[in-house]
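Okay, structure first, notes after.
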Amino acid sequence: MIKKAEFVISNSDPGKCPNPDRAEIAFIGRSNVGKSSLINALTGKKDLAKTSQKPGKTQLINHFMINDRWYMVDLPGYGFAKVNVKVKQGWENMIQTYLLKRENLCGVFVLIDSRLEPQKIDLEFLLWCGTEGVPAAIVFTKSDKQSKSKTALNVHKFLKKMEEIFEEAPDYFVTSAETGQGSEELLNFIDDLVKEYESGINN
Numbered sequence: 009m010i011k012k013a014e015f016v017i018s019n020s021d022p023g024k025c026p027n028p029d030r031a032e033i034a035f036i037g038r039s040n041v042g043k044s045s046l047i048n049a050l051t052g053k054k055d056l057a058k059t060s061q062k063p064g065k066t067q068l069i070n071h072f073m074i075n076d077r078w079y080m081v082d083l084p085g086y087g088f089a090k091v092n093v094k095v096k097q098g099w100e101n102m103i104q105t106y107l108l109k110r111e112n113l114c115g116v117f118v119l120i121d122s123r124l125e126p127q128k129i130d131l132e133f134l135l136w137c138g139t140e141g142v143p144a145a146i147v148f149t150k151s152d153k154q155s156k157s158k159t160a161l162n163v164h165k166f167l168k169k170m171e172e173i174f175e176e177a178p179d180y181f182v183t184s185a186e187t188g189q190g191s192e193e194l195l196n197f198i199d200d201l202v203k204e205y206e207s208g209i210n211n
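Position in the sequence shown (first residue = 1) + 8 = our numbering.
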């Protein structure tokens with residue numbers, strides 16, 4: 009349960025993130041996947057993360073303090089944001105550095121638009137996470153935008169692709185920022201990750 013959520017800092021340098029002294033959970037996904045909307049739905053603050061109809065709104069690493077206990081991080085989207093190649097490479101370096109070097113990062117949620125067939129860019133990013141040992145789980149978004157059967161079909165197709173790559177699919181959640189579907193399960197999972205991190209530090 010999130011009772012308190014506060015913006016802490018935005019920056020483009022992973023080295024300037026807050027001290028890694030508590031558990032950290034990050035959200036990432038293709039541009040316009042509904043990341044900011046989901047963060048706002050989970051925290052119960054409708055304008056905590058800035059939402060936009062234009063892809064590529066999040067261009068910085070955004071830290072939020074949750075319940076004075078752990079950090080939630082909104083990472084820049086990857087994919088088709090309309091920026092020049094140099095800027096795009098800068099983002100990608102920033103994201104990779106953050107994901108590989110941030111020692112208190114205990115979970116990364118990769119957001120996937122449940123309305124779409126499996127996208128190569130998402131599969132490639134998850135493969136990179138698996139290869140590099142980044143602890144990733146999948147969050148399917150926008151489940152309210154089509155029928156339950158269509159959502160289920162697309163989720164099934166994506167997980168089947170994941171099983172071809174990894175032999176087993178990672179943890180996954182089906183969510184809607186509009187209806188709140190999946191929020192409780194997702195928050196419980198995050199709570200377990202935070203507790204696991206804290207018990208590892210205290211032992």
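We put the beta carbon where it would ideally sit given N, CA and C, even for glycine. Just so you know, these numbers come straight off a predicted model, no measurement behind them.
Please go through the same chain and pick out, in chain order, the residues whose beta-carbon is closer than 8 Å to the beta-carbon of residue i, but skip the five residues on each side of it.
i, result
"Leu46", "Phe35, Leu119, Val147, Thr149, Thr183 and Ala185"
"Glu204", "Cys114"
"Lys53", "Ala13"
Who does residue i pair with in a DSSP beta bridge?
i, result
"Glu32", "Tyr79 and Leu113"
"Arg38", "Tyr86"
"Ala13", "Ile74"
"Thr149", "Asp121"
"Ile69", "Asn19"
Beta-carbon within less than 6 Å of residue i's beta-carbon, same chain only, minus the 5 sequence neighbours each way: which residues are those?
i, result
"Asn162", "Ser122"
"Ile33", "Met80, Gly115 and Ile198"
"Val142", "Leu107 and Val116"
"Val41", "Leu119, Asp121 and Thr149"
"Asn48", "Lys54, Leu56 and Ala57"
How about residue i and residue j: are their beta carbons less than 8 Å apart?
i, j, result
"Phe166", "Asp179", "no"
"Leu131", "Ala144", "no"
"Ile129", "His71", "no"
"Leu68", "Asn19", "yes"
"Tyr86", "Arg38", "yes"
"Ala57", "Asp21", "no"
"Ser151", "Gln189", "yes"
"Gly138", "Phe181", "no"
"Met170", "Ala160", "no"
"Trp78", "Val202", "yes"
For a test of the three-state rule: what should DSSP assign to residue i, helix, strand or coil?
i, result
"Ala185", "coil"
"Ser44", "helix"
"Ala177", "coil"
"Asn27", "coil"
"Ala49", "helix"
"Ala144", "strand"
"Ser157", "helix"
"Ser18", "strand"
"Gly208", "helix"
"Leu194", "helix"
"Gln127", "coil"
"Asp200", "helix"
"Lys168", "helix"
"Leu56", "coil"
Starting from the C-beta of residue i, find all residues in its chain whose C-beta is less than 7 Å away, skip the five residues before and the five after it, and write them out in chain order.
i, result
"Lys11", "Asn75"
"Thr187", "Asp152"
If you pair each beta-carbon of the stretch 14-32 with each one of the stretch 187-194, do three or more pairs fall below 8 Å?
Here the stretch 14-32 does not lie against the stretch 187-194, with fewer than 3 beta-carbon pairs under 8 Å apart.
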